[in-house]
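Number of protein chains: 2
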Amino acid sequence: MDPWHGHYSSRAAGMVASEVRALFAVASRPEIVSLAGGMPYVSALPLDQVGQLMAELIGQRGAVALQYGSAQGDLGLRERICEVMALEGIDAGPEDVVVTVGSQQALDLLARVFVDPGDVVLVEAPTYVTAIATFAGYQAELVHVPLDDSGLVPQALAEALGRLAAAGRKVKLLYTVPTFQNPAGVTLSAARRAEVLEICRRFNVLVVEDNPYGLLCFDGEPVPAMRAGVTDGQVVYLGSFSKTLAPGLRVGWALAPPAVRDRLVLAAESAMLSHSVLTQLVVERYLATQPWPEQVKVFRELYRERRDAMLAALAAHMPAGVTWTRPAGGFFVWATLPDGLDAKAMLPRAIGARVAYVPGTGFFADGGGRANLRLSYCLPPADRIAEGVARLGEVVTAELELATTFGRGGTR
Amino acid sequence: MDPWHGHYSSRAAGMVASEVRALFAVASRPEIVSLAGGMPYVSALPLDQVGQLMAELIGQRGAVALQYGSAQGDLGLRERICEVMALEGIDAGPEDVVVTVGSQQALDLLARVFVDPGDVVLVEAPTYVTAIATFAGYQAELVHVPLDDSGLVPQALAEALGRLAAAGRKVKLLYTVPTFQNPAGVTLSAARRAEVLEICRRFNVLVVEDNPYGLLCFDGEPVPAMRAGVTDGQVVYLGSFSKTLAPGLRVGWALAPPAVRDRLVLAAESAMLSHSVLTQLVVERYLATQPWPEQVKVFRELYRERRDAMLAALAAHMPAGVTWTRPAGGFFVWATLPDGLDAKAMLPRAIGARVAYVPGTGFFADGGGRANLRLSYCLPPADRIAEGVARLGEVVTAELELATTFGRGGTR
């Protein structure tokens, strides 16, 4: 039926539909409380001002905003990006920033520049779902490194690197979301940040720090980025306006050492010629003219309230044996079911009970995560979150009773 | 100096800065008449209406426009894209369209889906400069097929395919810009379109028809696309709003057979998650609410006047022995210098005389094009084009005198 069967690249064989995305169509039905998506609550933005800002931008600089731009991105925006990164302790100049189509494209360009088929990329266990697809699309072998409530475990990282070195494997990158991790919600402690950097230096592995959630902290000030204070090129930092402003603009960036930056710019040019000048200038004007630190505070308070609603509902409705993380920022709680329960097998019953989540297996390249669920609190209001978790609690309780009655293998 | 030397992928070695882009910084100096760029004249757009349309869009659908979208692209926009393609005789449904970051990204995703290192991609001689970079970035071997005033030469295509088949090479794609070609300005005749399709069917090679300029025809109605009437999956069609609306929106598309489309959607997802919903909806609203066919006519008349100015100036100022194409649409004239002159070596002298062009070598992967220049008439007004060509005529005349005096090898 497919006239081009047998014509596809070998990398195309690794391109498979994400179970997470397939789920979103079902989860978006109105009767279902979706704890599945990672969509920010953009309705909290000052939409009238954003619309007005766009009209003014086109009126004043339309012929620039609608024209081709440079592959590296608008200089004015890159300068403002440096101001944003300064909030997390990063001292950088606009010449080392490459603007990308969300930080997702930065990840894709990094994989393109670094990964040959068979190279190893280290990722957290669990890790960001689309990072798995991206690295797999470049035929990397993904090796998971465990994390706990304080983030990536340095001892496990060192052991994995030692094992891979002994086996003669080429390890190109450590991909990490150290702050308010997606999906686990945990944050790498300050002491561990230093340890992870030191281990990666020792094994000569580039650290890719993906930090879309860092500014969305619920207690005090943002923690310093891993890139803060690092001047030897050990870290490529990825940032995004998708969570602090709007994902529909698709504006993210990479901060990279000069030689890596040069290659990212070349890769960006062949990937898309140039980014949308319009959306870049919308972000630049928003940062220049709107009280955006106040807007970030609005988001922090909004998401903190929703996180609190989720944690309270979990405590109220989950049966004994279920555990979960307590995120200090970001969008996600990571829950673990008692031994013998399978979050993926349970999903149809949860959908039947009108609540959706993402099964943990989506966040592993190696079949792990069967006992896990990602629960997001970013989009639904607090009362819907409470209702959704209550429904989920009933489903888990019923599963647990079944498993107790029929034995632990019953739901596998 | 580069801590990651030795860590890059083997494909990264093929990423080199385009001489065309490096030239643009110089060519943008105000005293220089630039016949180098391919930037459309966006100032002819109704900027006030576009700005107003954006403000209304955010007011009415801001929470959608600023949110994540689907990897395939907005359905409403894909429906309108089908209406645009119908103008060139294509009968297609929105389910087979994938919206991309300009047609450049469509090209990148196609290469990703089809090209393994060492596979052959056939391209015209000359071909679009960034297509060379994109295919090279996936480690394809590019093989040029000659064109003449009626476009790609079918006999040469069949011979090349026969030769490659005999050598056991895998030929994955024929990449062609059949209408108002970039850089040559020529159009594939109707008879040849059928021949090219037939040859590619015989050799089982997918045709990638890149058609950013088709609607910008100067005489009568647009010619039917190669994809028009083709229902067996032989052609993937790439379109763009960069030349008929605005490149700063970065909205292009691919129309592909279902199995290819599915892979393009997966590749798009891992490349960028989703395209900007904002810029997609801006295009959709523009098409829905503005008299855009009238705007396309404005562009046609504008570019026809500039093409006429360029052809008249070439006839008036070029010394005997220089030849050039006579485009019936699009942005570019392709000129050929008399034997012994070298367009790349001549460029510094042209810049000194305050006129810029793109040397032909940028449009070849094999070192060809030394006698050629791409002259674009899209951006400068007619009087500046005439002035620029007059300056260029003096430079060529002086070069020719030098070559006559000191021998044909003198400028090499």
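Chain order of the listed sequences is A and B.
For the first sequence, our numbering gives the first residue as 1, with consecutive numbering after it.
For the second sequence, our numbering gives the first residue as 413, with consecutive numbering after it.
Note that beta-carbon positions come from the ideal geometry of N, C-alpha and C, so glycine has one too.
Selection A:Asp366, A:Ala365, A:Ala371 and A:Gly367 evaluated against Tyr357 (chain A) yields A:Ala371 as nearest (Cα-Cα). Check the Cα spacing between Glu95 (chain A) and each of A:Gln105, A:Gly51 and A:Ser70: the tightest is with A:Ser70. Residue contact check for Gln707 (chain B) against chain A: no CB pair falls below 8 Å.
In summary, no residue of the stretch 302–326 of chain A has a CB separated from any CB of chain B by less than 9 Å. Straight-line spacing of the CA atoms in Thr588 (chain B) and Arg193 (chain A) works out to 50 Å. Leaving aside the five residues that flank Leu573 (chain B) on each side, the residues in its chain whose CB is nearer than 6 Å to its CB run, in chain order, Phe615. The Cβ of Ala267 (chain A) sits closer than 8 Å to at least one Cβ of chain B. Non-local C-beta neighbours of Gly426 (chain B) in its own chain, meaning closer than 7 Å and more than five positions away in sequence, comprise Ala548, Gly549 and Gln551, ordered along the chain.
In the DSSP annotation of this structure, the continuous segment of the alpha helix (DSSP H) that includes Val462 (chain B) starts and ends at Leu459 to Ala477. Membership of Leu287 (chain A) in any beta strand (DSSP E) is not indicated; the residue belongs instead to the alpha helix (DSSP H) covering Val277 to Thr289.
DSSP lists B:Ala768 as the beta-bridge partner residues of Ser446 (chain B). In this structure, DSSP gives Asp96 (chain A) a helical state, which the three-state scheme calls helix. Considering only A:Gly407, A:Ala63 and A:Arg112, the residue with the shortest C-alpha distance to Ala271 (chain A) is A:Arg112. With contacts defined by Cβ atoms closer than 8 Å, Ser242 (chain A) and Pro291 (chain A) do not form a contacting pair. Taking 8 Å as the cut-off, the beta carbon of Leu585 (chain B) is found closer than this to the beta carbon of Val533 (chain B).
Distance from the CA of Leu469 (chain B) to the CA of Phe406 (chain A), rounded to the nearest whole angstrom, comes to 56 Å. When only Cα atoms are considered, Arg473 (chain B) and Val296 (chain A) end up about 22 Å apart. Contacts with chain B at 8 Å (Cβ-Cβ) do not include Ile32 (chain A). Counting only runs of at least 4 residues, the stretch 307–369 of chain A fully encloses the following alpha helix (DSSP H) elements, listed from N- to C-terminal order: 343–352. Residues of chain A with a Cβ closer than 7 Å to the Cβ of Thr701 (chain B) do not exist; the shortest Cβ-Cβ separation is about 15 Å. Under the Cβ criterion of 8 Å, Lys172 (chain A) is counted among the residues facing chain B. Counting along the chain, the unbroken beta strand (DSSP E) around Pro146 (chain A) starts and ends at Glu141 to Asp148.
At a beta-carbon threshold of 8 Å, the residues of chain B lying near Thr279 (chain A) are Ser688, Leu690 and Thr691, ordered along the chain.
The CB of Arg614 (chain B) never comes closer than 8 Å to any CB in chain A; the least such distance is about 13 Å. Contact between the stretch 195–209 of chain A and the stretch 376–383 of chain A is absent: fewer than three C-beta pairs spanning the two stretches fall below 8 Å.
DSSP, read as helix, strand or coil, puts Leu676 (chain B) in helix. Residue pairing by DSSP places Glu124 (chain A) opposite A:Val145 in a beta bridge. Within the stretch 64–77 of chain A, the residues whose Cβ lies closer than 9 Å to any Cβ of chain B are, in chain order, Val64, Ala65, Leu66, Gln67, Tyr68, Gly69, Ser70 and Ala71. In the three-state DSSP reduction, Glu221 (chain A) falls in the coil class, being neither helix nor strand. Using a Cβ-Cβ cut-off of 7 Å, Ile58 (chain A) is close to Leu459, Val462, Gly463 and Met466 of chain B, given in chain order. For a Cβ distance threshold of 7 Å, nothing in chain B lies close to Trp292 (chain A): the least Cβ distance comes to about 14 Å.
When rounded, the separation of the alpha-carbon atoms in Leu392 (chain A) and Arg490 (chain B) is 37 Å. Three or more beta-carbon pairs separated by less than 8 Å are not found between the stretch 339–359 of chain A and the stretch 1–15 of chain A, which leaves the two stretches without contact.
Residue pairing of Ala254 (chain A) in beta bridges, as defined by DSSP: A:Val98 and A:Leu238.
Counting of Cβ neighbours within 10 angstroms places Glu696 (chain B) among the buried residues, the total reaching 16 or more. Assignment of Thr397 (chain A) by DSSP, reduced to helix, strand and coil, places it in the helix class.
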